[in-house]
Amino acid sequence: MRMLVAGKRTSERYLPEKDMQACGLFGVMNVAGERFGGEMAISAMVNMKCRGNGLGGGFAVYGLYPEYKDYYALHIMFERSCPQAKEQVDEFLTAHFHVVYDEEIPTDMRANVVNPPLVWRYFVAPRHQEEEGLAADEFVVEKVMFINTQVEGAYVFSSGKNMGVFKGVGFPEEIAEFFMLDRLYKGYIWTAHSRFPTNTPGWWGGAHPFSILDWTVVHNGEISSYGTNRRYLEMFGYYCTLYTDTEVMAYAVDLLMRRQGLPIEVVAKIFAPPMWDLIAHMDEDRRRLYSTLRMVYAPLLINGPFTVIVAHHNEMFGLTDRIRLRPITAAAAGDYVFLSSEEGAIRAVAPPLDLVWTPPGGEPVVARLHSRDHLASLARAV
Amino acid sequence: MYSYLLPEFLVERRGDRCIKCRVCERQCPNGVHRYDVELDMMFSQERECVGCQRCAVFCPTGALCVQPHPASYRPNASWTREKMQDLKKQAETGGVILTGSGNDKPYRIYWDHLVLNASQVTNPSIDPLREPMELRTFLGRKPDNLQVEIKGDRVDITSELHPNVLVETPILFSAMSYGAISYQAFLSLAMAAKKYGTLFNTGEGGLPREMRKEFGANAVVQCASGRFGVDPEYLNCAAVIEIKIGQGAKPGIGGHLPGEKVSANIALTRMIPEGTDALSPAPQHDIYSIEDLSMLIYALKEATNYEKPVSVKIAAVHNVAAIASGMVRAGADIIAIDGLRGGTGAAPKIIRDNVGIPIELALAAVDQRLREEGIRHKCSIIAAGGIRCSADVVKAIALGADAVYIGSAALVAMGCTLCQKCYTGKCAWGICTQDPYLSRRLNPEIASERLYNLLKGWSNEIKEMLGGMGINAIESLRGNRDHLRGVGLEEWELNVLGVKGAGE
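These protein sequence lines map, in sequence, to chains A and B. Sequential numbering from 1428 applies to the first sequence in the working numbering. Sequential numbering from 1009 applies to the second sequence in the working numbering.
See below:
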């Protein structure tokens, strides 16, 4: 399957410059599956205001649409400068999906945001999917990519079931105010992102979280292996359109976890493998496993500083690079698991904490619904 | 016939320094220096001088200065001195002019037009003196994905894997056969490769039996058009088997080791009668097409129980990208590409100087093509031909190579001065000769240490450059052209290299 209609380039040389940025990240999950409002995530981002510069903020929420949980929820933005975009998308969606309900996502125009687009949500089920011989997920991915690359002025924020992404240009709390997140929505996972880009694209689609199906990625870092990672992913049909590290990260997660079915515990060792010196001291089975992972997936080693929080249904995990050049703190209080760039942000918003720990580089913190898997990383904490 | 050639070098001897110790006379295999007992004087026959500098280096009083001969014809941009000398040589002999080493013509050296990146502010550079910096590289075919089975805490790999060879640094010694170079030089390369944890390449002259047990695990053994020295043990003792299709210095041309160089031991190793010419045909006569190549690849894999990666080495020629793609599909696990400036022990000068394309462009084109076809991971790419320093290695890897072969650089480390007279068999440095009086000059203990130091020095420099880019494992540089920028290149060159211009 090709994620994108590959626009074949005459040369690598014509690729746009990569977008560089630093960021603030926050994630909170209730592992009992209880849904809660956005206050914690929003206030945490306010607490880390200095990690962003108002050029992008966003939230991903899981357990968002229980009444439509069997339908793909498409959050689509339409730029006001392209009035025909919505018409084209509506036509395209009707041709390929049963649209069971759609509406404009309510917004508060008093919020301090720049140049807001029209944002609409659709709840859809694939139509004629068998004829195209694709699994439902693949079908949706293909159609989403079509909209993103072929319809000028339209961009799909998210396309998973029972989840959604809200994002835009502004500080995270302004985006939250614009979409009225604290008043209208509840979920059992909230992840949030605040951007500090070194350039100013000012495009709402360029904010994070980045999402495919129900996978979302918020990411902080500048990957020095970007070219290697990007070119490897291209071989599997992932063509970058935004030229951000986050996009590469999201595609790599999609390839390894969704398409190849590897668990996060293994994927973490691909993104942030242990040093050879450490592998040399492992028992034989582990040595073989880790060496083989490094051999086969060398092009997906994510080098340079990064911290990432990835979520999909029932799962949220955080990971930082192999030599821990970007911060991440984990904490737990009752059924809540927190991941954050800064400990202060957790303490500012959470109930009294049972545990706070600093996961070492390359050790994932995995929070799963109805499990205590997140404690596994505690034993290896710094 | 009286020769009209001008001497190539001027040998100056400072009388106030010369002590007539006759070291120069003994060191020069070309008979340039001569001591006249009756006159108690040193004389020079500089017409014979090849400029190898052996005498100048060994002169204990520094009395000798050997430099290009200033005498020349009337300057002429078209009819250069070299062109005119070659004409005269041919007029005297009617022969094909032979030469050694790599192309010395001023074709653009792209390495010198590419600059590297470093981290500033947005991400940190990494100090290799304080943090791990990893150069370990696997050579061979990789699967599309890895299937694993998870049982509790255990993760088992269920995918079948192709054989891969591990090297501790992405620098390998290029193919130089025993016969082309001396036993001592050959042994020195093997010793250094073993000590550093990398590979040397036997070339097409076989691997002496006594070396197989000790050095087989570090050997790339070649199976070339003459099939010299190929037997089951030879194939099975090696780390990698390489089918040699072509060589950068002489694409489309075979080899010829003259009978006088085929000593008893070389004859034994090559499995040919002593004193007979060892002729390598231009093509492999069982490979006239890509499907024939596939048959040989699988014949070699069968012969080695599918336990060794099979490499195919070609010269960089015009449609190298399409050829490389065919090679990968034919089953090659490694493809080695030897560029325009690759070295040789002997080649027709006209071929060496005019056939093939620069490795940088070939490498970039091959890497890009294999990626477009989604098969880049199915092989490793080794770039060869004109790698002169660690920065060239880093640039090659950023363009898309997995590793590089170094030939000339290794020879220079052992003493070679690129005098280009390898084909005469009179190498004063004991490298490219079978004359025991000369080859004895090369002590494998010392020469291998020099080679080891070269690998170590370059590897340390590579670590510094990687650290500067904020990368701590060499695999994150592979094909990472974001870290390269071009300076002084034309639009089309940047496009082929897939590299932005500086400031872009």
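Every residue, glycine too, gets a C-beta built ideally from N, C-alpha and C.
Rounded distance between the beta-carbons of residue j and residue i, thought under 8 angstroms
i	j	result
V1045/B	V1019/B	About 20 angstroms separates the two Cβ atoms, so there is no contact after all.
L1815/A	P1754/A	What is shown of chain A runs 1428 to 1809, which leaves residue 1815/A out entirely.
I1365/B	V1325/B	7 angstroms
S1388/B	G1205/B	Not a contact, Cβ separation roughly 17 angstroms.
A1406/B	R1337/B	Their Cβ separation, rounded to whole angstroms, is 26 angstroms, which puts A1406/B and R1337/B out of contact at 8 angstroms.
M1590/A	D1641/A	5 angstroms
C1026/B	C1063/B	So it is not a contact: roughly 11 angstroms between Cβ atoms.
R1622/A	C1450/A	5 angstroms
Minimum Cβ-Cβ distance from residue i to chain B less than 8 angstroms
i	result
N1730/A	yes
M1467/A	no
V1432/A	For V1432/A, the predicted structure reports a pLDDT of 40, less than 50, and the residue's modelled location is therefore unreliable. The matter cannot be settled from this model.
T1756/A	no
S1438/A	yes
A1487/A	no
G1654/A	yes
M1572/A	no
L1863/A	This structure gives no information on residue 1863/A, because the portion of chain A shown stretches from 1428 to 1809.
Q1687/A	yes
A1725/A	yes
R1478/A	no
T1719/A	yes
W1703/A	yes
K1513/A	no
Cβ of residue i within 8 angstroms of any chain A Cβ
i	result
Y1376/B	A small correction: the amino acid at residue 1376/B is Gln; Tyr does not occupy that position in the sequence shown. Chain A, which has a Cβ nearer than 8 angstroms to the Cβ of Q1376/B, makes this yes.
G1039/B	no
E1501/B	no
A1481/B	yes
T1130/B	yes
N1172/B	yes
G1382/B	yes
E1142/B	yes
K1508/B	yes
V1163/B	yes
N- and C-terminal bounds of the alpha helix (DSSP H) containing residue i
i	result
D1609/A	L1608 to L1611
V1592/A	Counting along the chain, V1592/A falls outside any alpha helix (DSSP H), though it belongs to the beta strand (DSSP E) covering M1590 to G1595.
C1032/B	V1031 to Q1035
V1680/A	D1672 to V1680
F1698/A	I1691 to F1698
Enclosing beta strand (DSSP E) for residue i [first to last residue]
i	result
Y1413/B	A1411 to I1414
Y1763/A	Y1763 to S1767
Q1075/B	L1072 to P1076
N1172/B	N1172 to V1175
K1321/B	V1318 to A1323
P1553/A	L1545 to P1553
Y1499/A	Y1499 to F1505
T1288/B	Thr is not the amino acid found at residue 1288/B; the sequence shown has Ser there. Unbroken beta strand (DSSP E) run through S1288/B: A1286 to S1288.
F1463/A	Looking at the DSSP string, F1463/A is not in any beta strand (DSSP E), and its letter there is neither H nor E.
Y1306/B	From DSSP, Y1306/B is part of no beta strand (DSSP E) but of the alpha helix (DSSP H) over I1298 to A1311.
M1743/A	E1742 to T1747
8 angstroms Cβ cutoff met for residue i and residue j
i	j	result
L1371/B	M1335/B	no
K1496/A	K1594/A	no
Q1428/B	G1108/B	yes
S1333/B	S1288/B	no
A1619/A	F1486/A	yes
A1193/B	A1455/B	yes
A1247/B	V1173/B	yes
T1145/B	S1185/B	no
P1786/A	A1808/A	yes
G1347/B	A1392/B	yes
V1592/A	S1638/A	yes
Y1413/B	S1271/B	no
Beta carbon proximity, residue i to chain D, threshold 8 angstroms
i	result
P1690/A	No chain D is present in this structure, whose protein chains are A and B.
| task | May I have a chain-ordered list of the beta strand (DSSP E) segments no shorter than 3 residues that lie completely inside the segment 1044-1097 of chain B? | result | 1049-1052 and 1072-1076
| Where in the segment 1621-1647 of chain A do unbroken runs of the beta strand (DSSP E), each at least 3 residues long, occur, reported from the N-terminal end onward? | 1637-1639
| query | Of all the beta strand (DSSP E) runs that stay within the bounds of the segment 1771-1804 of chain A, which reach a length of 3 or more residues? | reply | 1782-1784 and 1792-1795
| query | What are the uninterrupted segments assigned as alpha helix (DSSP H) that are 4 or more residues long and contained completely in the segment 1350-1438 of chain B, given in chain order? | reply | 1357-1360, 1367-1380, 1398-1407 and 1416-1422
| request: Ignoring anything shorter than 3 residues or poking outside the segment 1110-1195 of chain B, list the beta strand (DSSP E) runs there in chain order. | output: 1122-1124, 1145-1148, 1156-1159, 1162-1165, 1172-1175 and 1179-1181
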